[in-house]
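Trainee:
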Ligand SMILES: [Zn+2]
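Residue numbers (the numbering used here): 1417 to 1793.
#1: Under the assumption that residue 1476 contacts residue 1543 (Cβ atoms under 8 Å), give the Cβ distance between them as a whole number of angstroms.
#2: Cα separation between residue 1603 and residue 1625?
#3: Under the three-state reduction of DSSP, which class applies to residue 1512: helix, strand or coil?
#4: Going by the C-beta, is residue 1515 closer than 7 Å to any heavy atom of ligand 1?
#5: Mapping DSSP to helix, strand and coil, what is residue 1662?
#6: Give a single yes or no on whether residue 1541 has its beta carbon closer than 7 Å to a heavy atom of ligand 1.
#7: Taking all protein chains shown into account, decide if residue 1439 is buried (16 or more other Cβ within 10 angstroms of its Cβ) or exposed.
#8: Between residue 1565 and ligand 1, is the CB less than 7 Å from at least one heavy atom?
#9: Let me know if residue 1443 comes out buried or exposed under the rule of 16 or more other beta-carbons within 10 Å of its beta-carbon.
#10: State the DSSP-derived secondary structure class of residue 1709, mapped to helix, strand or coil.
#11: Count the other CB atoms within 10 Å of the CB of residue 1510; is the residue buried (16 or more) or exposed (fewer)?
#12: For the alpha helix (DSSP H) that residue 1589 lies in, which residues bound it at each end?
#13: Which one or two residues does DSSP pair with residue 1624 in a beta bridge?
#14: If we count the other Cβ atoms within 10 Å of its Cβ and call it buried at 16 or more, is residue 1483 buried or exposed?
#15: Pull up the CB-CB distance for residue 1710 and residue 1730, whole angstroms please, since I reckon it's below 8 Å.
#16: Can you tell me whether residue 1615 is buried or exposed, with buried defined as 16 or more other CB within 10 angstroms of its CB?
#17: Indicate the three-state DSSP secondary structure (helix, strand or coil) for residue 1519 in the structure shown.
#18: Quick one: residues in its chain with C-beta nearer than 6 Å to the C-beta of residue 1788, no 5 flanking neighbours on either side, listed in chain order?
#19: Looking only at its own chain, which residues have a Cβ that is under 8 Å from the Cβ of residue 1765, when we skip the five neighbours before and after it?
Encoded structure:
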């Protein structure tokens, strides 16, 4: 089959690779219908992960049709249209039983190499290097899906592929951010980053009853999308004093919840100087006393000069998440079916899988208003 492979730093290619096969009784094989780029792929593309090997198949967000079913799979049959959560989780360990699938003890096939400093492993993930389980991703014609009863979800007929695709990762991550922030009625929520996850965090905050949702970004098209599709107030950091605006629009206190959804900072991504103030620091400074700051993944580095004093003196709660759990996917698919949650506009570029390297170049450079590139095998 054909698949998008990592070749070397900055170099991707569509290659012929062996078809996946069932390896465990809880696996299914999915024929991919759509797959999307993800911000978490960008540091990998830049070659910053030493554990990537030439030929690794990328792609964490995908949707398709079940074509082979392992003997212990209960919830899926041949022909089911499914969206597959990015986290690979067993469903039975202590973390999975708490709904913390992204922390699963058994999802990664190579837990020892994940975090040698702390000896913790998080769940496996599709389209990531060995350190995240080494599972081939969804930018391919077929994918092996382990623990299919836990991580694959049948898509309701009322939800088309273009919408359901983002129930794999971007929508659950946005929902998780709003949940970690305990966003509720009347809250003022500020979100840094108007990419797919930032926009879906904004939408989740609106659905949970936030009074005002402000989105900070420097790309005009993305801000307009956040306004139109998520009901957010756009703040362009190139033209606005963000801190002053946030205070003004929150009764002088600062937002109740601040979410950082910028992915890896540009400096880290491309090895150059940051082209804007560090968003996490700005969020900590902006948040009201006693508020919650949620930091989403994308950065795997160490950050110094972090305003720790502001966290303690102002009684802030810091929460983090690298990837979403799986528990919210059915609820989000239901909201998609009811039309409360629309995501298809995020697929700004649609390309055949054979053009995936060009799609990634557009996505990386945010060229031509690209939010997500979606590939069809
Ligand atoms: Zn587990």
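C-beta: ideal position from N, C-alpha, C; glycine also.
Here the structure is a predicted model, which means the values were calculated and not measured.
Mentor: In brief:
#1: Counting from 1 along the chain shown, the entry for residue 1476 is found at position 60. Counting from 1 along the chain shown, the entry for residue 1543 is found at position 127. That pair is a contact at about 5 Å.
#2: Residue 1603 sits at position 187 when you count from the first residue of the chain shown. Residue 1625 sits at position 209 when you count from the first residue of the chain shown. Between residue 1603 and residue 1625, the C-alpha separation is close to 8 Å.
#3: As a first step, residue 1512 must be located in the chain shown, where it is residue number 96. In the structure shown, residue 1512 sits in a helix (DSSP, three-state: H, G or I).
#4: Here residue 1515 is taken as the residue at index 99 of the chain shown, counted from 1. The answer is no for residue 1515.
#5: Counted from its first residue, the chain shown places residue 1662 at position 246. Helix.
#6: Indexing the chain shown from 1 puts residue 1541 at position 125. Residue 1541 Cβ: outside cutoff for every heavy atom of ligand 1.
#7: Position 23 of the chain shown, counting from 1, holds the residue named residue 1439. Under this definition residue 1439 is an exposed residue.
#8: Here residue 1565 corresponds to residue number 149 of the chain shown, with the count starting at 1. Not so, every heavy atom of ligand 1 lies at least 7 Å from the Cβ.
#9: For the purposes of this step, residue 1443 is identified with residue 27 of the chain shown, where counting begins at 1. It counts as buried.
#10: On the chain shown, position 293 is the one that residue 1709 refers to. In the structure shown, residue 1709 sits in a strand (DSSP, three-state: E or B).
#11: To locate residue 1510, count along the chain shown from 1; it is residue 94. Answer is exposed; the Cβ neighbour count stays below 16.
#12: Numbered from its first residue, the chain shown carries residue 1589 at position 173. 1586-1596 is the extent of the alpha helix (DSSP H) around residue 1589.
#13: As a working note, residue 1624 is residue 208 in the chain shown. The partner list for residue 1624 (beta bridge, DSSP) is empty, contrary to what the question assumes.
#14: Within the chain shown, numbered from 1, the residue matching residue 1483 stands at position 67. Residue 1483 should be labelled exposed.
#15: Taking the first residue of the chain shown as 1, we reach residue 1710 at position 294. Taking the first residue of the chain shown as 1, we reach residue 1730 at position 314. At roughly 16 Å, the Cβ-Cβ gap does not stay under 8 Å, so residue 1710 and residue 1730 are not in contact.
#16: Numbered from its first residue, the chain shown carries residue 1615 at position 199. Classification of residue 1615: buried, given that the 10 Å Cβ count is 16 or more.
#17: The residue given as residue 1519 occupies position 103 in the chain shown. Helix.
#18: To locate residue 1788, count along the chain shown from 1; it is residue 372. Closer than 6 Å at Cβ, skipping near neighbours: 1452, 1453, 1612, 1762, 1763.
#19: Residue 1765 sits at position 349 when you count from the first residue of the chain shown. So the qualifying residues of the chain are 1775, 1778, 1779, 1784, 1786, 1788, 1789, 1790.
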